[in-house]
Amino acid sequence: MVTTVTVPVALGGSGLTYTSDDNPLTGFGNGGHEVRFPLALDDTVSMAATAVAAASAAAAGLTASAYSGTSASAVALGVGNKTLTTQAGKSWFVGQFLQLVSGIGNYMQGQVTAYAGTSLTVSVSRSVGSGSASAWIIMPGGSWDSSAATAAALTIDAPTNGAASNTAVPNGMLMLANSAVTTMLVTHGFFSGGGAPYGWVQPRTSNAASFYNYVLCPVGGDVLVGTDTPAASGQARLLSAGGFRVQGGAMPTGAGISLVGNVVSGRLCTTNVYAINSYVDDGKLEIASASSSGQVTGVVMNGGTANINAGTMQFFTKSAEAARITPNGEFLLNTATAQAGYKMVVSGALYVTSPIRPGSYTKATLPAAGSYTGAQIYVTDDSNGSTPAFSDGTAWRRVADRTVVA
Numbered sequence: 011m012v013t014t015v016t017v018p019v020a021l022g023g024s025g026l027t028y029t030s031d032d033n034p035l036t037g038f039g040n041g042g043h044e045v046r047f048p049l050a051l052d053d054t055v056s057m058a059a060t061a062v063a064a065a066s067a068a069a070a071g072l073t074a075s076a077y078s079g080t081s082a083s084a085v086a087l088g089v090g091n092k093t094l095t096t097q098a099g100k101s102w103f104v105g106q107f108l109q110l111v112s113g114i115g116n117y118m119q120g121q122v123t124a125y126a127g128t129s130l131t132v133s134v135s136r137s138v139g140s141g142s143a144s145a146w147i148i149m150p151g152g153s154w155d156s157s158a159a160t161a162a163a164l165t166i167d168a169p170t171n172g173a174a175s176n177t178a179v180p181n182g183m184l185m186l187a188n189s190a191v192t193t194m195l196v197t198h199g200f201f202s203g204g205g206a207p208y209g210w211v212q213p214r215t216s217n218a219a220s221f222y223n224y225v226l227c228p229v230g231g232d233v234l235v236g237t238d239t240p241a242a243s244g245q246a247r248l249l250s251a252g253g254f255r256v257q258g259g260a261m262p263t264g265a266g267i268s269l270v271g272n273v274v275s276g277r278l279c280t281t282n283v284y285a286i287n288s289y290v291d292d293g294k295l296e297i298a299s300a301s302s303s304g305q306v307t308g309v310v311m312n313g314g315t316a317n318i319n320a321g322t323m324q325f326f327t328k329s330a331e332a333a334r335i336t337p338n339g340e341f342l343l344n345t346a347t348a349q350a351g352y353k354m355v356v357s358g359a360l361y362v363t364s365p366i367r368p369g370s371y372t373k374a375t376l377p378a379a380g381s382y383t384g385a386q387i388y389v390t391d392d393s394n395g396s397t398p399a400f401s402d403g404t405a406w407r408r409v410a411d412r413t414v415v416a
C-alpha cells in the first residue's frame, strides 16, 4: 500500500508531499530516497523545533497565570491590610510583593501576609487614588520604599561610584553626593520658595534647600544660576516668558536682556560688537553712567513708540539731552525740535572758527524762498556776478543792496 503525507506549514514544515511508492520522482523507492529523504529529515527537525517552542510558551502561560488573578471584593484604597476573595490554587506566597489595580490612577502595592483557599490578605504600604473599587486585577509587583506615600528617597552609596538605571522615585528625589556639602540633586517634588512642586536637576554646593549653584527646571525651561529669583550680584536666570536676566543689582523688569550693575569687568569684546539683522521693536538700548549726584551721561538708541522706523539716537550729559539724530537724518544740537527743510538745527549761539560756505545755486535752481526765511545762499549766475543772497520769505535778495536776485 502506498502511503502519502503532506507536511503542514503551520507545524513548521515545508508543505511538500512525500510518498512511499517506487517511483524515484515521487517516492523513496528505486533511489528516490537519495533526493527526498534529506528533505523529509529537514522537515522533521523543523516541526520538532516548532513543537518545543509551542510547549515552552504554553508552560510560561501557565506559570504567569499561577501568579495573576482577579477579585470582585469591595475594597477601599489606602494603606494597611486588605483582604480579597480571589481564585484558589495560585502560587502566591507570604512575603511576595503584589500590585492590586482597579483602573488608571487607582492601585495599591504591598506584600502578601496570608493566602489560603480563596482568601488573600495583602499589607498595602503604598496606595494611589481614592475611594473604593470592586473589580481588581492582581499581578506580581516589585519592592519599593515604604515611605513613598509621603516622601520617597533612593539612596545610592558606594565607595567610589554610584549608578541607577530605569529607577523611578515618585514625589521624591535622587541625591548623588560625596558629602553633605557638595551634591547633585534630581528631584520630582522639590519645593522652591514654598511654591508648587516641580522637577529639578540641581547641583548644590550646600545641602541647604534654599541655595542653588545652578538649576535646570522643566517648568517653562528655566535655567537658574545662583537663585530662583535673581536679585544679587552673580545671579542669572533664563526666563520662561522669553529672555535672559543677568543680575548685578536691583531686579530689572520685563523680558529681554538686562545688564544691571557690575556684570562686565574690562572690555566686553576685544575689537567690535556686531548686531546683524537684529532689532528691538518699541524698545531701547542705553549706554550710560551715573555720577554720585545722580546725573547721567550716556547714549540712548530708541526704537520708537509704535514703529521701529521712528527711532532716534540721543546723547545725554548731566541728565539733559545734548544732541539727537532723528530717523530723517536730522542732527539736532541742544534741542529736540526739528525744523522743516533743515538737516541741522542748533539751539543757541553758533561759533565757527573757520569760514562758512552756504550752498551754491543758479537762478534756475533757487529753492522756494518761502521755505527758507532768513536763510543765506550763494547765487553763481546773478546779473551782478556771483552774489551772496538771503530769503525774506517771499524772494531771494542780494545781501549788498537787498534787491531781488535777477
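With my numbering applied, the sequence shown covers 11 to 416. Think of the CB as a built atom: it goes at the ideal place given N, C-alpha and C, for glycine as much as any other residue.
For GLY339, same chain residues with a beta-carbon under 8 Å away, outside a window of 5 residues either side, are LYS353 in chain order.
Annotation for LEU130: the continuous beta strand (DSSP E) segment containing it runs 129-138. In the three-state reduction of the DSSP assignment, LEU49 falls in the helix class. Bridge pairing for GLN324: VAL310, ARG334 [DSSP]. Between GLY99 and the set ALA378, TYR77, LEU108, ASN116, the nearest pair of CA atoms involves TYR77.
Non-local beta-carbon contacts of GLY151 in its own chain, meaning distances under 6 Å to residues more than five positions away in sequence, involve PHE107, LEU108, GLN109, GLN119 in chain order. Shortest Cα-Cα distance from ALA50 to any of ALA64, PRO18, TYR388, ALA65 involves PRO18. Around the C-beta of THR372, fewer than 16 other C-beta atoms lie within 10 Å, and the residue is accordingly described as exposed.
The residue among ARG367, GLY369, THR322 with its C-alpha nearest the C-alpha of ALA348 is THR322. By the neighbour-count definition (other C-beta atoms within 10 Å, threshold 16), SER112 is a buried residue. The DSSP-derived three-state label of THR96 is coil. Going by beta carbons, GLY22 and THR29 fall outside the 9 Å limit.
Its Cα nearest to that of VAL134, the residue LEU87 stands out among LEU87, GLY25, VAL45, THR13. Straight across, the Cα-Cα distance linking VAL89 with SER101 is about 24 Å. In terms of Cα proximity to GLY351, the closest of ALA126, PHE326, ASP392, PRO377 is PRO377. Taking the Cα positions, SER381 is about 9 Å away from THR404. Secondary structure at THR54: helix, using DSSP grouped into helix, strand and coil. Non-local beta-carbon contacts of ILE297 in its own chain, meaning distances under 7 Å to residues more than five positions away in sequence, involve GLY308, VAL309 in chain order.
For GLY369 and ARG408, the gap between their C-alpha atoms comes out near 15 Å.
Inclusion of THR397 and VAL414 in the CB contact set at 9 Å is not warranted, their separation being larger than that value.
For SER81, the closest alpha carbon among the candidates LEU342, SER401, VAL104, VAL132 is that of VAL132. In the DSSP assignment, ASP392 falls within the unbroken beta strand (DSSP E) covering 386-392. A check of alpha carbon separations from GLY384 across ALA410, GLN97, ALA399 identifies ALA399 as the nearest.
Inter-residue distance for PRO48 and SER75 is about 41 Å (C-alpha atoms, whole angstroms). In chain order, LEU343 place their CB closer than 6 Å to the CB of VAL356, counting only its own chain and leaving out the 5 sequence neighbours on each side. Selection ALA379, VAL389, TYR388, THR14 evaluated against ASN33 yields THR14 as nearest (Cα-Cα). Closest in alpha carbon position to THR27, among ALA126, ASP53, GLU44, is ASP53. Counting of Cβ neighbours within 10 angstroms places LEU35 among the exposed residues, the total staying below 16.
Between the alpha carbons of GLU331 and TYR361 lies a distance of about 20 Å. In the DSSP secondary-structure assignment, VAL85 is bridged to ALA143. With a threshold of 16 other beta carbon atoms within 10 Å, SER142 falls short and is exposed. One Cα belongs to SER329, the other to MET311, and the distance between them is close to 15 Å. When rounded, the separation of the alpha-carbon atoms in ALA84 and GLN97 is 15 Å. Taking C-alpha positions only, THR128 is separated from THR16 by approximately 49 Å. Non-local C-beta neighbours of GLN324 in its own chain, meaning closer than 6 Å and more than five positions away in sequence, comprise VAL310, GLU331, ARG334, ordered along the chain.
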